[in-house]
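Residue numbers (the UniProt record's numbering), protein chains in the order written: chain C, 1 to 132; chain V, 1 to 288; chain X, 1 to 137. By construction, the Cβ of each residue, glycine as well, lies at the ideal position given by its N, Cα and C atoms. Since the model is a prediction, treat every value here as computed from it, not as a measurement. Read the structure below first, then the notes.
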Amino acid sequence: MDRIPILRMGAFLLVTIQVDLYDRLALSLEADLVDMVHKTGARGVLIDISSVSIVDSFMGRILGNIASMTRVLDAETVVVGMQPAVAITLIELGLSLKGVHTALNVERGMTLLNDKFGQDDELAGDDADDAE
Amino acid sequence: MIHKIAQLLKTNKARLLDGWFQKQLASETLRDDLMTNDELRAQSEELVNALTKTIHEENISQPDSSDFDEVFEILADITAQRARQGFSPRETGLFIFSLKETILDLLADLGADDEVMLFQESRKVSHLLDNFAIITFETFIKSREEVILRQTEEISDISTPVIQVWDGILALPIIGTLDSARTQVVMENLLQKIVDTGSSIAILDISGVPAVDSLVAQHLIKTVSATRLMGADCIISGIRPEIAQTIVHLGIDLTNIVTKASLASALRYAFGLQRLTVKRVETDKKAF
Amino acid sequence: MLTTLSKDTMAIMREQDVVPLRNRVKEVAVKIGMGLVNQTKLITAASELVRNMLRYGNGGDVLIEVVSKGREVGVRLTFSDRGPGIPDINLAMQDGYSTGRSLGLGLPGTKRLMNEFSIQSTVGQGTVVSIVKWKNG
Numbered sequence: 001m002d003r004i005p006i007l008r009m010g011a012f013l014l015v016t017i018q019v020d021l022y023d024r025l026a027l028s029l030e031a032d033l034v035d036m037v038h039k040t041g042a043r044g045v046l047i048d049i050s051s052v053s054i055v056d057s058f059m060g061r062i063l064g065n066i067a068s069m070t071r072v073l074d075a076e077t078v079v080v081g082m083q084p085a086v087a088i089t090l091i092e093l094g095l096s097l098k099g100v101h102t103a104l105n106v107e108r109g110m111t112l113l114n115d116k117f118g119q120d121d122e123l124a125g126d127d128a129d130d131a132e
Numbered sequence: 001m002i003h004k005i006a007q008l009l010k011t012n013k014a015r016l017l018d019g020w021f022q023k024q025l026a027s028e029t030l031r032d033d034l035m036t037n038d039e040l041r042a043q044s045e046e047l048v049n050a051l052t053k054t055i056h057e058e059n060i061s062q063p064d065s066s067d068f069d070e071v072f073e074i075l076a077d078i079t080a081q082r083a084r085q086g087f088s089p090r091e092t093g094l095f096i097f098s099l100k101e102t103i104l105d106l107l108a109d110l111g112a113d114d115e116v117m118l119f120q121e122s123r124k125v126s127h128l129l130d131n132f133a134i135i136t137f138e139t140f141i142k143s144r145e146e147v148i149l150r151q152t153e154e155i156s157d158i159s160t161p162v163i164q165v166w167d168g169i170l171a172l173p174i175i176g177t178l179d180s181a182r183t184q185v186v187m188e189n190l191l192q193k194i195v196d197t198g199s200s201i202a203i204l205d206i207s208g209v210p211a212v213d214s215l216v217a218q219h220l221i222k223t224v225s226a227t228r229l230m231g232a233d234c235i236i237s238g239i240r241p242e243i244a245q246t247i248v249h250l251g252i253d254l255t256n257i258v259t260k261a262s263l264a265s266a267l268r269y270a271f272g273l274q275r276l277t278v279k280r281v282e283t284d285k286k287a288f
Numbered sequence: 001m002l003t004t005l006s007k008d009t010m011a012i013m014r015e016q017d018v019v020p021l022r023n024r025v026k027e028v029a030v031k032i033g034m035g036l037v038n039q040t041k042l043i044t045a046a047s048e049l050v051r052n053m054l055r056y057g058n059g060g061d062v063l064i065e066v067v068s069k070g071r072e073v074g075v076r077l078t079f080s081d082r083g084p085g086i087p088d089i090n091l092a093m094q095d096g097y098s099t100g101r102s103l104g105l106g107l108p109g110t111k112r113l114m115n116e117f118s119i120q121s122t123v124g125q126g127t128v129v130s131i132v133k134w135k136n137g
């Protein structure tokens with residue numbers, strides 16, 4: 001069974017999707033990510049979709065779900081590197097991914113998350129000082 | 001003798017060509033300013049050659065027969081060439097009609113003794129050459145359409161320039177009406193430029209858009225949402241007072257979109273997002 | 001008048017057949033010189049419809065055609081299943097309506113992505129959805 005690898009980078013998790021997603025693979029990514037956020041107490045999740053050439057409504061829903069689920073676990077999700085053609089198609093399809101943060105690339109996404117949580121990458125630090 | 005009309009055209013080819021050429025030279029519509037007589041002769045010869053080569057007693061009454069493909073091709077070439085040279089469609093049409101007249105003259109000359117036959121054969125010839133003339137019109141219109149299509153594309157390309165006004169800040173002044181085809185071009189250009197320059201802020205300036213109705217607003221909202229999906233912020237600027245009025249009267253909801261009255265204030269806001277300040281430098285020297 | 005220039009059929013039985021279908025559609029779109037954005041719209045629409053076919057119709061066949069109309073060239077995809085059919089097509093075409101657990105954007109969203117969209121369904125016999133995307137549409 002294929003699995004999409006999840007990398008841990010300090011307080012954040014990084015997922016780079018480089019294969020054509022079919023529904024079951026996307027669903028298992030959702031479950032794995034939520035598990036991993038819970039296990040590591042990560043504060044942010046970066047999903048790099050720069051090599052993904054299509055995102056349909058199912059895949060869009062998975063991205064939205066991941067963002068909502070990780071938020072419940074006190075982690076923010078940033079989708080990075082969406083291709084122009086994919087963005088135009090998603091909008092036309094009627095999906096604007098409200099509630100999902102976006103950034104141009106992994107680096108910008110990382111900056112966005114750092115800005116949100118300050119510089120403390122204490123994994124265990126539960127001081128709820130991320131007043132936004 | 002005249003019932004073998006195709007044969008007749010073949011054997012009298014030289015006479016036909018000469019007659020036609022003379023007729024064209026004598027015509028008021030001769031455009032020796034656009035084409036030399038040698039060129040005209042070559043063109044006429046090419047067409048007559050092709051016609052006499054392909055025509056026979058059966059296909060003469062089937063103007064759409066694929067036997068004439070070669071003739072059609074030559075006609076299309078001649079028409080396209082003439083259109084480029086500046087001939088009017090009427091002049092190209094007359095070019096074919098004068099060939100018809102020449103053939104009819106020839107028939108009348110050779111077969112005046114049998115009037116019924118002459119009439120029947122003339123009809124066939126007329127029918128065939130009218131069809132040729134129609135082809136020249138069709139080709140003419142088609143080449144015009146291609147020009148229009150190309151210009152439309154060019155206009156939509158040049159009317160949506162994306163300018164990098166600052167490191168990380170793009171501006172896109174929209175001039176003219178924003179329909180759905182145009183929105184596509186705007187979105188594609190803007191999003192691609194965001195990727196190319198790594199910009200995180202885009203300013204859509206609509207001061208050149210004559211009117212904003214709910215459809216145009218929808219296109220604007222789409223563009224803003226698509227920009228957001230890419231991870232960049234989008235500001236709409238250049239909102240004239242009457243546009244602000246229509247937006248509210250139509251009940252268009254732009255509350256989730258940052259809007260500014262002028263490009264300057266949008267730029268100031270963008271600097272704020274980038275944590276940049278612009279200061280006047282106190283100095284005696286002139287700054288360049 | 002729509003003229004078919006070439007055609008090809010693919011059977012969709014399982015979820016694994018989806019990726020090859022997307023690739024095949026992309027191949028055809030690239031061959032006629034369709035731009036990247038229109039390609040993406042077409043493949044996304046195909047992906048939506050093929051999921052519907054698997055979920056509600058137990059799979060079916062997809063006909064991939066290159067078609068032309070006047071000066072336009074495009075790709076037509078026809079999805080036919082022998083599933084239960086859709087009782088109320090107007091309802092299914094509304095944004096946000098879904099019988100499964102989805103966003104309900106599949107059919108109406110797909111229609112927005114395409115130049116032409118038609119759907120025929122007979123309860124108990126199956127559903128046929130046909131879409132066209134023009135190269136410059």
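Bridge partners for E72 (chain X) per DSSP, in chain order? Answer is X:K69.
How would you call A31 (chain C), buried or exposed, if buried means at least 16 neighbouring beta carbons within 10 angstroms? So A31 (chain C) ends up on the exposed side.
So F93 (chain C) contacts chain V; which residues on that side make the cut at Cβ distance below 8 Å? What sits at residue 93 (chain C) in the sequence shown is Leu, not Phe. Result: empty, since nearest Cβ-Cβ is about 11 Å, beyond 8 Å.
For E132 (chain C) and Y269 (chain V), I'd like the C-alpha separation in whole angstroms. Because E132 (chain C) carries a pLDDT of 39, less than 50, the predicted location of this residue cannot be relied on, and the following value inherits that uncertainty. Going by the C-alpha atoms only, they are around 20 Å apart.
For Q85 (chain V), which of helix, strand or coil comes out of DSSP? Residue state, collapsed to three classes: helix.
Within a Cβ cutoff of 6 Å, which residues of the same chain sit near L63 (chain X), ignoring the five residues on either side of it in sequence? Once the five neighbours on either side are set aside, the close Cβ partners of L63 (chain X) are T9, T78.
Residues in its own chain within less than 8 Å of R14 (chain X) by CB, not counting five upstream and five downstream? Cβ neighbours of R14 (chain X) within its own chain (closer than 8 Å, five residues either side excluded): L54, G59.
By Cβ distance, which residues of its chain are closer than 7 Å to D23 (chain C), with the 5 residues on each side in sequence left out? Result list for D23 (chain C): F58, in chain order.
Check whether the segment 82-95 of chain C touches the segment 228-238 of chain V, taking contact to mean three or more Cβ pairs, one atom from each stretch, closer than 8 Å. Segment contact: the segment 82-95 of chain C against the segment 228-238 of chain V, three or more CB-CB distances shorter than 8 Å; contact assigned.
Could you tell me which chain X residues have their CB closer than 7 Å to the CB of E188 (chain V), listed as they occur along the chain? Near E188 (chain V) (Cβ distances below 7 Å), the residues of chain X are V37.
On the CB-based measure, 16 or more other CB atoms within 10 Å of its CB, does K100 (chain V) come out buried or exposed? Looking at its Cβ environment, which holds 16 or more other Cβ atoms inside 10 Å, K100 (chain V) is buried.
Under three-state DSSP, which class holds P173 (chain V)? Residue state for P173 (chain V) is assigned as strand, using DSSP reduced to three classes.
Starting from I243 (chain V) and walking both ways along the alpha helix (DSSP H), at which residues does that stretch end? I243 (chain V) -> alpha helix (DSSP H) spans 241-249.
Is there at least one Cβ from chain X nearer than 8 Å to R3 (chain C)'s Cβ? No, no contact with chain X.
Please state whether the Cβ-Cβ distance between A26 (chain C) and I62 (chain C) is less than 8 Å. Contact: yes.
Using a Cβ cut-off of 8 Å (strictly closer), state whether A226 (chain V) contacts chain C. True, the Cβ-Cβ gap to chain C drops below 8 Å.
Please classify I194 (chain V) as buried or exposed, where buried requires at least 16 neighbouring CB atoms within 10 angstroms. Its Cβ being crowded by 16 or more others within 10 Å, I194 (chain V) is buried.
Cβ contact (3+ pairs, closer than 8 Å) linking the segment 33-43 of chain X and the segment 255-264 of chain V: At 8 Å Cβ cutoff, the stretches do not touch.
How would you call L5 (chain X), buried or exposed, if buried means at least 16 neighbouring beta carbons within 10 angstroms? Exposed: under 16 other Cβ atoms inside 10 Å.
Assign R22 (chain X) to buried or exposed, taking buried as 16 or more other Cβ atoms, counted over all protein chains shown, within 10 Å of its Cβ. Flag for R22 (chain X) reads buried.
Would you call the CB atoms of T183 (chain V) and K222 (chain V) closer than 8 Å? With respect to the 8 Å criterion, T183 (chain V) and K222 (chain V) are classified as neighbours on the basis of their beta carbons.
With a threshold of 8 Å, are at least 3 pairs of Cβ atoms found where one atom belongs to the segment 42-57 of chain X and the other to the segment 43-57 of chain C? Counting Cβ pairs under 8 Å, three or more are found: they touch.
Tell me which residues of the segment 211-244 of chain V have at least one Cβ-Cβ distance to chain C shorter than 7 Å, keeping chain order. Of all residues in the segment 211-244 of chain V, those with a C-beta nearer than 7 Å to a C-beta of chain C are K222, S225, A226, R228, L229, M230, G231, A232, reading in chain order.
Using DSSP with H/G/I as helix, E/B as strand and the rest coil, what is H219 (chain V)? Assigned with DSSP and collapsed to three states, H219 (chain V) falls in helix.
Since L94 (chain V) contacts T29 (chain V) with CB under 8 Å, what's their CB separation in whole angstroms? That belief holds up - the Cβ atoms of L94 (chain V) and T29 (chain V) are roughly 5 Å apart, short of 8 Å.
Whole-Å CB distance - T50 (chain X) paired with T3 (chain X), under 8 Å assumed: Checking the displayed sequence, the identity of residue 50 (chain X) turns out to be Val instead of Thr. No, V50 (chain X) and T3 (chain X) are not in contact; Cβ-Cβ is about 25 Å, not under 8 Å.
Which listed residue (X:I32, X:V30, X:M93, X:D61) has its alpha carbon closest to that of V18 (chain X): Nearest of X:I32, X:V30, X:M93, X:D61 to V18 (chain X), Cα basis: X:D61.
What distance in whole Å lies between the Cβ atoms of P87 (chain X) and N123 (chain X), which are believed to be in contact at a cut-off of 8 Å? A small fix is needed here, since residue 123 (chain X) is Val in this sequence, not Asn. Contact between V123 (chain X) and P87 (chain X) holds: their C-beta atoms lie close to 6 Å from each other, under 8 Å.
Just verifying my parser: in three-state terms, what is the DSSP assignment at R43 (chain C)? Note: R43 (chain C) maps to coil in three-state DSSP.
Spatial distance of S207 (chain V) from A264 (chain V) (CA atoms): When rounded, the separation of the alpha-carbon atoms in S207 (chain V) and A264 (chain V) is 12 Å.
Have a look at F72 (chain V) and P63 (chain V) and give me their C-alpha separation to the nearest angstrom. C-alpha separation (whole angstroms): 10 Å.
With 8 Å as the threshold, decide whether the Cβ of I32 (chain X) is near any Cβ in chain C. By this cut-off, I32 (chain X) is not an interface position.
Whole beta strand (DSSP E) runs in the segment 11-40 of chain C with 3 or more residues, listed along the chain? Qualifying beta strand (DSSP E) stretches, in chain order: 12-16.
Please classify M187 (chain V) as buried or exposed, where buried requires at least 16 neighbouring CB atoms within 10 angstroms. Buried, because 16 or more other Cβ atoms sit within 10 Å of the Cβ of M187 (chain V).
Using beta carbons (cut-off 8 Å, strictly below), is residue 190 (chain C) in contact with chain X? Nothing can be reported for residue 190 (chain C), as the shown portion of chain C is limited to 1 through 132.
What's the gap between the Cα of E176 (chain V) and the Cα of Q192 (chain V)? Checking the sequence shown, residue 176 (chain V) turns out to be Gly, not Glu. Looking at the two C-alpha atoms, the distance is approximately 22 Å.
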